[in-house]
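*Asks:* This is the structure, below, for whatever I ask next.
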Amino acid sequence: MIFKKITTTLYVALALTLAQAQADTLDNIQKAGRIRIGIGMDVPPYGMKDAQLKPIGSDVETAKLIADDMGLALDIVPTTAANRIPYLQTNKVDIVIASLSVTPEREKVIDFSTPYAAILAVVAAPKSMTIKSFADLAGKKVVVTRASTNDAEITKNAKDAQIVRFDDDSTSITAILSGQADIFVTSPALMIVINKRNPQKDLETKLVIKTFKLAIGIRKTDGRLKEKMNAYVKAGLKDGKLSQIYQKYHGVPLPDDILKGAD
107 MIFKKITTTL YVALALTLAQ AQADTLDNIQ KAGRIRIGIG MDVPPYGMKD
157 AQLKPIGSDV ETAKLIADDM GLALDIVPTT AANRIPYLQT NKVDIVIASL
207 SVTPEREKVI DFSTPYAAIL AVVAAPKSMT IKSFADLAGK KVVVTRASTN
257 DAEITKNAKD AQIVRFDDDS TSITAILSGQ ADIFVTSPAL MIVINKRNPQ
307 KDLETKLVIK TFKLAIGIRK TDGRLKEKMN AYVKAGLKDG KLSQIYQKYH
357 GVPLPDDILK GAD
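The numbers in the working numbering rise by one with no breaks, and the one at position 164 of the sequence shown is 270.
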């Protein structure tokens, strides 16, 4: 009898453990009534703070749109280019909306939603500087944010450049503004930020390296949550809400390749 009771207890414990293991992120966030979204808060105009220190930006509004549509409270978890995927993998966030571009390398470790926006990787430098190819970067200091797609692209294409890496976009911007280097591998949006802060920098796009599609980062084990995110992104593209957000912060419409995701 005692043996049977112990065995029954073990089975119950095992069943509970299995049930908890099978409860995915979608179940957990719906039960909690809130969703933790990793957002890069140092990447204007995707994520930043206004004069009242409130989070704003296209990624912030996209996150709010999704949380509202799901009927959930939003917990913004600030991330950097280097830690946004590790935060997702270690369950510090439920999803990532942090100017995260879709790449084959990243698709090996996480899943992505239907793309909701786009970002250009460009080589920016003062108008007075002549840069017509990657060869012109040889021997020159080039600032880039560590672990970003920009880092991977410039490392691959400008092997003779002196690449100076910083841990986040905010520090990279400071490096350019302080004169540590004149060349910045970045997005047009951040180039504009620098010119506004110091017009004398007079940066312009010298080379367009690549156009990346941005998508929501999701753990590979969260298939149901991925389906939900795909549905919300497609709805936002179809009703124009995501286009309005992008136009508001970037000053240009969403690329046609992104809008096709609504189909």
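Where is the CB? At the ideal position from N, CA and C, for every residue including glycine.
With C-beta atoms as the reference, is T168 less than 9 angstroms away from D328?
*Replies:* Within the sequence shown, numbered from 1, the residue matching residue 168 stands at position 62. Within the sequence shown, numbered from 1, the residue matching residue 328 stands at position 222. Cβ atoms of T168 and D328: not closer than 9 angstroms.
*Asks:* On a Cα-Cα basis, can you pick out the residue from I324, I364, T255 and T185 that is closest to A341?
*Replies:* Numbered from its first residue, the sequence shown carries residue 341 at position 235. That would be I364, whose Cα lies nearest to the Cα of A341.
*Asks:* Is the beta carbon of F290 less than 9 angstroms from the beta carbon of V249?
*Replies:* For the purposes of this step, residue 290 is identified with residue 184 of the sequence shown, where counting begins at 1. For the purposes of this step, residue 249 is identified with residue 143 of the sequence shown, where counting begins at 1. Yes, Cβ-Cβ distance for F290 and V249 is below 9 angstroms.
*Asks:* Where does P151 land, buried or exposed, given buried means 16+ other C-beta within 10 angstroms?
*Replies:* As a position in the sequence shown, residue 151 is number 45, starting the count at 1. Buried, because 16 or more other Cβ atoms sit within 10 Å of the Cβ of P151.
*Asks:* Applying the 10 Å Cβ sphere with the 16-neighbour rule, what's the burial state of G146?
*Replies:* Taking the sequence shown and counting its residues from 1, the one referred to as residue 146 is at position 40. So G146 ends up on the buried side.
*Asks:* Determine the direct distance from the alpha carbon of V228 to that of K312, and round the result to whole angstroms.
*Replies:* Position 206 of the sequence shown, counted from the first residue, corresponds to residue 312. Position 122 of the sequence shown, counted from the first residue, corresponds to residue 228. Whole-angstrom Cα-Cα distance: 7 angstroms.
*Asks:* Taking buried to mean at least 16 other C-beta atoms within 10 Å of its own C-beta, is A157 buried or exposed?
*Replies:* Along the sequence shown, read from residue 1 onward, the residue named residue 157 stands at position 51. With fewer than 16 other Cβ atoms within 10 Å, it is exposed.
*Asks:* So, do the region 256-269 and the region 236-243 have three or more beta carbon pairs nearer to each other than 8 angstroms?
*Replies:* yes
*Asks:* Roughly how many whole angstroms lie between the Cα atoms of A204 and D165?
*Replies:* The residue labelled residue 204 in the question sits at position 98 within the sequence shown. The residue labelled residue 165 in the question sits at position 59 within the sequence shown. C-alpha of A204 to C-alpha of D165: approximately 6 angstroms in a straight line.
*Asks:* Report, in whole angstroms, the separation of the C-beta atoms of L178 and G139, which I expect to be a contact under 8 angstroms.
*Replies:* The residue given as residue 178 occupies position 72 in the sequence shown. The residue given as residue 139 occupies position 33 in the sequence shown. So it is a contact: roughly 6 angstroms between Cβ atoms.
*Asks:* Do V199 and I143 come within 9 angstroms of each other at the CB atom, strictly closer than that value?
*Replies:* On the sequence shown, position 37 is the one that residue 143 refers to. On the sequence shown, position 93 is the one that residue 199 refers to. Result yes, Cβ atoms of I143 and V199 sit closer than 9 angstroms.
*Asks:* Is the beta carbon of P221 less than 9 angstroms from the beta carbon of L320?
*Replies:* Here residue 221 refers to the residue found at position 115 when the sequence shown is read from its first residue. Here residue 320 refers to the residue found at position 214 when the sequence shown is read from its first residue. Result yes, Cβ atoms of P221 and L320 sit closer than 9 angstroms.
*Asks:* Just to confirm the assignment, what range does the beta strand (DSSP E) spanning R142 have?
*Replies:* Along the sequence shown, one-based indexing puts residue 142 at 36. Residues R140 to G146.
*Asks:* Would you say Y355 lies against chain B (beta-carbon separation less than 9 angstroms)?
*Replies:* Checking the listed chains, one finds no chain B in this structure; it contains a single protein chain.
*Asks:* Excluding the five sequence neighbours on either side, which residues of its own chain have a C-beta within less than 8 angstroms of the C-beta of S239, listed in chain order?
*Replies:* In the sequence shown, residue 239 corresponds to position 133, counting from 1. The residues are L313.
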